[in-house]
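The sequence shown begins at 17 in the numbering used here and counts up by one.
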Amino acid sequence: MKHINEDKIVGLIEKAKNVSARDIKAILEKSKLLKRLTLEETASLLAVKDEALIKKIFDAAWYVKDTIYGRRMVIFAPLYISNICSNNCLYCAFKSDNKLVERKALSLDEIKNEVELLLKKGHKRILLVAGEKDDNVSYYVDAIRAIYSVKIGKNYIRRVNINCAPLSVEDFKKIKAAGIGTYQLFQETYHDVTYRKVHPKGPKSDPDNRLDAVDRAFKAGIDDLGIGVLYGLYDYKFDTLALLSHIEYLEKTFGLGPHTISVPRIEPAFGSDFSKNVPYKISDSEFKKIIAILRLSVPYTGMILSTRESSGLRDELFSLGISQISAESKTSPGGYQEGRKDIASQFAISDERTLDEVVASLIKKDFIPSFCAACYRKERTGGTFMNLAKPGAIKDKCTINGIITFKEYLDDFASDEVKKNGNNLINRFKERLGRNDKALLEEYLKNIEQGARDEYI
Ligand code: SAM
Ligand code: SF4
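Below, the structure written as structure tokens:
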């Protein structure tokens, strides 16, 4: 696979087996200065087995996350618009060979209907998801416009991100012009032989075309990009280091790494035996280690966790480096309609809590549930965002904007209990701010109480 030197990665994993506790402590000290780690240093952290050292890795991950992003947790919902797909990814319910799944591409009215349901729950950020079809770009553009067009009172979707198949530079320009925030594309695995085995048919069977798509998106001017590994396909140490080599390549070529990293693990998918017999299954403790180490290795990159993971584990992972989560998700086209179970989901969801319940648990853990889309709308994207994130200067904006959007949620959607606890949380956080920030926030909160919406700094 392009940009990925498999022998080098295997060599680093081998060499790391001899790393000493002293070396690990020195790497963690470097991390605490918010410095990006090398592949070699990351390989060393991945080799750690000693429980006491793992605990130190976790503590360092929390320190880095808290210093850069603070205690806000951005919330979004996926919106599946189509499960029609010309690929045959062995792990996915939407694979073309799966005759058990009814195929459906939502009409624009159906998309708007889904958006209304999400808005009524309190969502403000959507991740549009679709299977792959040749002529999809005009459908994506129409879908993005349809999503932004829905208004319920003062509520509307403020940021649409998209996870769809690779496009040409021209087509990427079209979805950018339609107003997408982040373009997400997971390489699934960077191990060439495995990649080809699990993607036997369709355009996705070419790993280099998929890898190149991230370059094409950059070239089209999309500077917020999301990449990821589908954990379970191959050895997690290899894929984590390969993901980081991909990032090194992007940094060298475009002067900028990804905006976000996603860490999906394979979940059981209807009609996919493969997904029920995961070849490189990783345990929860390995998963926690991966997330903490990614946080240390690329300290300023956002990290996304979906409802594939259970509520208990998600709550733990918030403290290890995750900065964005989905909540109350459905993974089938039309899935937000009450009682609709006729269209199969892409994979099983573990965290089935409502948005209000997820918000309640964030409050309990002293995190600010955030629906913020300010950076994208203030053109703080790509390098501009990273220049603020790297020294930890985005934190103040995130905290204030997070609280503003949280207050809107409390006033418009929250249950009584969440409202009470949420307002207490806001008061606690207000006291932690400096004098100027506190005065600024108080002004915004007053505006919200008087009916203003969608204000941000
Ligand atoms: N079709 C496009 C593609 O494959 O890139 C975009 C949408 S696809 C629905 C989004 C992601 O879902 C894939 O990149 C893959 O990582 C993930 N996925 C597919 N099957 C899965 C499963 N059984 N468990 C967890 N994640 C899965
Ligand atoms: Fe299609 Fe994406 Fe599923 Fe593969 S992962 S079958 S490309 S929807």
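Just so it is clear, CB atoms sit at the ideal spot from N, CA and C, and this is done for glycine as well.
- Distance check between residue 220 and each of 111, 396, 266 places 111 closest, using alpha-carbon atoms only.
- Judged by DSSP secondary structure, residue 211 falls within the alpha helix (DSSP H) whose first and last residues are 208 to 214.
- Per DSSP, residue 415 lies in no beta strand (DSSP E); the unbroken alpha helix (DSSP H) holding it starts and ends at 410 to 428.
- Distance between residue 27 and residue 254, taken at the CA atoms: about 10 Å.
- In this structure, the CA atom of residue 21 is about 27 Å from the CA atom of residue 77.
- The straight-line gap separating the alpha-carbon atoms of residue 367 and residue 343 is approximately 8 Å.
- In the three-state scheme derived from DSSP, where H, G and I count as helix and E and B as strand, residue 437 is classed as helix.
- With a 10 Å radius around the Cβ and a threshold of 16 neighbouring Cβ atoms, residue 451 comes out exposed.
- If only uninterrupted alpha helix (DSSP H) runs of at least 4 residues are considered, those enclosed by the region 175 to 230 are 185 to 193, 208 to 214.
- The closest CA to that of residue 194, considering only 158, 207, 82, is found on 158.
- In this structure, DSSP gives residue 25 a helical state, which the three-state scheme calls helix.
- Residue side-chain check: residue 220 places its Cβ nearer than 8 Å to a non-hydrogen atom of the ligand SF4.
- With three or more CB-CB distances shorter than 8 Å, the region 239 to 255 counts as touching the region 188 to 205.
- Taking 4 residues as the shortest admissible run, the region 322 to 358 contains the following complete alpha helix (DSSP H) segments, listed from N- to C-terminal end: 327 to 333.
- Sixteen is the threshold: when 16 or more other Cβ atoms of the shown chains lie within 10 Å of the Cβ of residue 80, as they do, the residue is buried.
- The C-beta of residue 340 has 16 or more other C-beta atoms within 10 Å across all chains shown, which makes the residue buried.
- Counting of Cβ neighbours within 10 angstroms places residue 209 among the exposed residues, the total staying below 16.
- Three or more Cβ pairs closer than 8 Å define a contact, and the region 113 to 128 falls short of that threshold against the region 80 to 93.
- For residue 309, the uninterrupted alpha helix (DSSP H) run begins and ends at 300 to 313, by DSSP.
- Relative to the non-hydrogen atoms of the ligand SAM, the Cβ of residue 112 never comes closer than 8 Å to any of them.
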